[in-house]
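Participant: The structure follows.
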Amino acid sequence: MAAYTRLSEEDVADILSLYGFSDICEVEPLSLGISNSNYRCKLNSGKSVILKVSNDKGISEMKEEQEILEALRDFPFTLTPYKTTTGDSVYTWKELYGAVFPFISGSKSMGQLEDLEQLGESLGMLHVFSDHHGLSDAGIRCHSKVGYDLSGVLEYCEVEDSLEEFKSACSELFTPEEVKLWKESDLPKGLIHGDLYIDNVLFEGGKLQMLLDFEQSGIGCFLQDIGISISGSCLNKNGVDLDMVQAFLKGYQSQRTLTNEENQLLNFSITLGLLEISLWRIKRFHEGDLDPQKRDSYKELIHLAKNFKKSL
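Next up, the structure:
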């Protein structure tokens, strides 16, 4: 099981010295993480930085994530990692490695429709930025290397010891016609976030400030990214909230208009988004031991997917 990495103030000072920061006056551990441990470090200059320690990813994945953030340097809603004095975006210190970022103040959304519209708008901006800057051809990793797409979900269902409950849900919720159309369609691709839930966004004064957690980012279908974001953001106590979905899509299409095939497969992408993240939880929590308390959390997403399908 991954554990929160405990660092002393001396440890933090040693790591930040790799960046040339030597005037640390306060260190504050932030919320307990699963994949990362995060510390806010205040400097005597008044500036603060975030020290991230990887708990879960290999160092190669960590470096690939920072390469993506470097490629997004000119995008208005992402943080660019600091580089060490030797020019590295990922530090290594003893057995630990991670990254350091500027600290940005902000708070999480309470789920207002205005926030969902801004979320959709920012994702549309990200996809347009990818197109305009040729990120599909920039040597960036594929999303499927760190996440699951339709092929990954279907491949898991063919594995002999895959969970029967998950396989049954996929058989029930994916029609052969939809799967065929998704596979045969030339869906637009580029850099996707891969995990843009509303709680991976910071707001300040009602305005979206920053997109966080690009750990599952890579090259993939824009529609897949839309489905994942809607499936994790446009929810009320009863399931997928259609008013929230409409607000999200209004924001998204203010930046990028969906193609005819994307519109045709939109509901399928939402179902797929729920099952992709369900599979991610199976791999991390049920088959793995990243957090035993979340061992059966994949079932929640299967339930949401079934309720969404029934509502259509």
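Under this note's numbering, the first residue of the sequence shown carries the number 34, and numbering increases by one thereafter.
Note that CB positions come from ideal geometry on N, CA and C, so glycine has one too.
(1) Any idea which residues DSSP pairs residue 272 with across the strands?
(2) Keeping to the same chain, check which residues put their C-beta closer than 6 Å to that of residue 162; ignore five residues upstream and five downstream.
(3) Take the Cβ of residue 36 as the centre, count every other Cβ of all protein chains shown within 10 Å, and call the residue buried at 16 or more, exposed below.
(4) Within 10 Å of its beta-carbon, does residue 123 have 16 or more other beta-carbons around it, so buried, or fewer, so exposed?
(5) Return the bridge partner residues of residue 59 from the DSSP annotation.
(6) Tell me the residue span of the beta strand (DSSP E) that contains residue 234.
(7) Starting from the N-terminal side, write out each stretch of the alpha helix (DSSP H) that is 4 residues or longer and does not extend beyond the stretch 140-227.
(8) Here's the rule I'm using: 16 or more other beta-carbon atoms within 10 Å means buried, otherwise exposed. How should residue 232 be labelled?
(9) Would you tell me roughly how many angstroms separate the C-alpha atoms of residue 86 and residue 324, rounded to the nearest one?
(10) I believe residue 189 touches residue 334 by the beta-carbon criterion, under 8 Å. Please report the beta-carbon distance rounded to the nearest angstrom.
(11) At the level of alpha carbons, what is the spacing between residue 301 and residue 96?
(12) Nearest by alpha-carbon distance to residue 247: which of 148, 83, 99 and 44 is it?
(13) Under the assumption that residue 152 contacts residue 251 (Cβ atoms under 8 Å), give the Cβ distance between them as a whole number of angstroms.
(14) Which residues bound the beta strand (DSSP E) around residue 321?
Facilitator: Looking at the coordinates:
(1) 269
(2) 108
(3) For residue 36, the predicted model reports a pLDDT of 47, less than 50, meaning its position is unreliable; a value from the coordinates is still stated below. By the 10 Å Cβ count, residue 36 comes out exposed.
(4) buried
(5) 75
(6) 234-237
(7) 146-165, 183-190, 197-206 and 209-217
(8) exposed
(9) 17 Å
(10) With a Cβ gap of about 14 Å, residue 189 and residue 334 do not count as contacting.
(11) 33 Å
(12) 99
(13) Their Cβ separation, rounded to whole angstroms, is 20 Å, which puts residue 152 and residue 251 out of contact at 8 Å.
(14) No beta strand (DSSP E) contains residue 321, which DSSP labels as neither H nor E.
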